[in-house]
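So the sequence shown is numbered by the working numbering: it starts at 1366 and just counts up by one. Backbone N, C-alpha and C define an ideal beta-carbon position, used for all residues, glycine too.
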Amino acid sequence: MSKEQIEILIAEADDAKDNGKPEEASDLYEEAALRQEMSPLARWWILYNLGGCYRALHKNHAATRHLSRAIDVIPSIAEPYYHLGRMAYVDGRYQEAALWLERCIQLEIPPLPLPLDLDIYNVDRYALLAEVYAAQELYGPAIKYADKAIAYLRDNYSSPSPENTAAFRLQASRDRWTSKLEGCSADYYDTIWASRITPSITELDRLQVMAEALTDRIHPPKPILDVGSGPGDILKFLPHPEMYWGLDISSVARTQVRAKGGNTLDSLESLKQEDKTFHGCILGEFLEHCIHDEDVLRQIASHIAPGGIMVASVPRYAVMKDPAHARDYTPTEFERLMSTVGEVTMLPSLHCWMICVVRVTPRY
């Protein structure tokens, strides 16, 4: 079959698809797919549309196979990833859906002569991924992607367009997710700390590294603030508990800190009232819980003496399944955030954590 005949066959298949005849279109695309004499772009188009036809015919296995083959031909176009993610979401396979959609989000609009669905690049992938994370009770990432979708809709459509109505609906969902995230209250953490007996070996490794990063840089011993301290497990590695202040909203955790010889605070507001300056600060597994992480970090840094040391850790993996997490960080995002309060030194990753040391700059 000549190139011209293949183009005619594809055009006939496109016409059948556009006229709501997915079964006829799929037969024509399948016939065209058998031909070897075509460009990668033409083959991608055939496979991608076969995926769409089989989705319309509720043949999801065949749709998945063809969309995956389209990715193999040209990996840099977002549409197949989006539709694979949507199918996984509808089927309740939320973790798989998140993987497909996260890959979709990494792609830019390609300079290809295709009738691309630009909403997939600009809003749909963000809105769908927000729903996927919310379905897993991962409200932090859900809020993050809802914000991206809402911002695009409000910046590019004027009220009262259907798109702006979608923005209002998505805002309502975002507000609901924020309420759930903020619902991880003191009672929630009281239950966690009351039921936990000892920290894991990997947690102890992290705490030892963070404690040594402080004690190696602070001489002689001076007051240290631990924000989100939990029960003060890091005191195992700090030789002067009387210099330690653990801040945590959980009364159970604070009781355990005091039992180890440390001092306690119950909130950032109480930290303001204390009017105390610290020379060291620990932020272990804390920042990923903050919706407004940079604002909170700056507030904490204002209580650290100029030249004081902060040691921070956050989960290294893209998402750790915890309904109390407001966000996740890439290494670049983590380093950028910490650089807003001082000079950053990234330490080697440890188990599932990224760790850094910050020398706080005088402006705080």
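If you check the beta carbons only, do residue i and residue j fall under 8 Å apart?
i            : j            : result
residue 1572 : residue 1533 : no
residue 1514 : residue 1500 : no
residue 1725 : residue 1649 : no
residue 1395 : residue 1371 : no
residue 1391 : residue 1413 : no
residue 1611 : residue 1629 : yes
residue 1463 : residue 1498 : yes
residue 1700 : residue 1721 : yes
residue 1393 : residue 1422 : no
residue 1647 : residue 1575 : yes
residue 1709 : residue 1579 : no
residue 1668 : residue 1636 : yes
residue 1600 : residue 1641 : no
residue 1597 : residue 1617 : no
residue 1589 : residue 1609 : yes
residue 1643 : residue 1670 : yes
When you compare only the Cα positions, how much space is there between residue i and residue j?
i            : j            : result
residue 1377 : residue 1398 : 14 Å
residue 1502 : residue 1593 : 22 Å
residue 1652 : residue 1707 : 16 Å
residue 1447 : residue 1436 : 11 Å
residue 1409 : residue 1439 : 7 Å
residue 1712 : residue 1678 : 10 Å
residue 1405 : residue 1457 : 33 Å
residue 1425 : residue 1461 : 15 Å
residue 1487 : residue 1517 : 7 Å
residue 1604 : residue 1581 : 12 Å
residue 1586 : residue 1519 : 52 Å
residue 1443 : residue 1469 : 5 Å
residue 1465 : residue 1450 : 5 Å
residue 1718 : residue 1690 : 14 Å
residue 1427 : residue 1416 : 7 Å
residue 1445 : residue 1535 : 24 Å
residue 1747 : residue 1562 : Any answer about residue 1747 is impossible in this case: the structure gives the chain only from 1366 up to 1729.
residue 1680 : residue 1545 : 21 Å
residue 1727 : residue 1407 : 60 Å
Kindly indicate the opening and closing residues of the alpha helix (DSSP H) around residue i.
i            : result
residue 1699 : 1696 to 1704
residue 1452 : 1444 to 1455
residue 1377 : 1368 to 1383
residue 1506 : 1504 to 1521
residue 1580 : 1566 to 1580
residue 1556 : 1551 to 1560
residue 1490 : 1490 to 1500
residue 1692 : That residue, residue 1692, is in no alpha helix (DSSP H); it is neither H nor E in DSSP.
residue 1470 : 1459 to 1470
Please work out which residues of its chain come closer than 8 Å, Cβ to Cβ, to residue i, disregarding the five sequence neighbours upstream and downstream, and give them in chain order.
i            : result
residue 1557 : 1615
residue 1702 : 1652, 1658, 1659, 1662, 1694
residue 1543 : 1504, 1508, 1656
residue 1496 : 1454, 1507, 1538
residue 1577 : 1602
For residue i, which residues from the same chain have a beta carbon less than 7 Å from its beta carbon, with the 5 sequence-adjacent residues on both sides left out?
i            : result
residue 1620 : none
residue 1383 : none
residue 1684 : Only weak support is given to the placement of residue 1684: the predicted model assigns it a pLDDT of 47, under 50, and the question is left unresolved by the model.
residue 1633 : 1664
Taking the beta strand (DSSP E) that residue i belongs to, which residues open and close that run?
i            : result
residue 1735 : This structure gives no information on residue 1735, because the portion of the chain shown stretches from 1366 to 1729.
residue 1715 : 1707 to 1715
Closer than 7 Å: is that where the CB of residue i sits relative to any heavy atom of the ligand SAM?
i            : result
residue 1621 : Questions concerning the ligand SAM fall outside what the structure shown contains, since it holds no ligand whatsoever.
Leaving out the 5 sequence neighbours to the left and right, which residues in its chain are closer than 6 Å to residue i when beta-carbon positions are compared?
i            : result
residue 1730 : Outside the shown range of the chain, which is 1366 to 1729, sits residue 1730, and nothing can be said about it.
residue 1510 : 1491, 1494, 1495
(Q) So within the region 1389 to 1429, which uninterrupted alpha helix (DSSP H) runs reach at least 4 residues, ignoring any that extend past its ends? (A) 1405 to 1421
Q.
Just to confirm the assignment: which complete beta strand (DSSP E) runs, minimum length 3, are found wholly within the region 1590 to 1674?
A. 1609 to 1612, 1628 to 1630, 1643 to 1649
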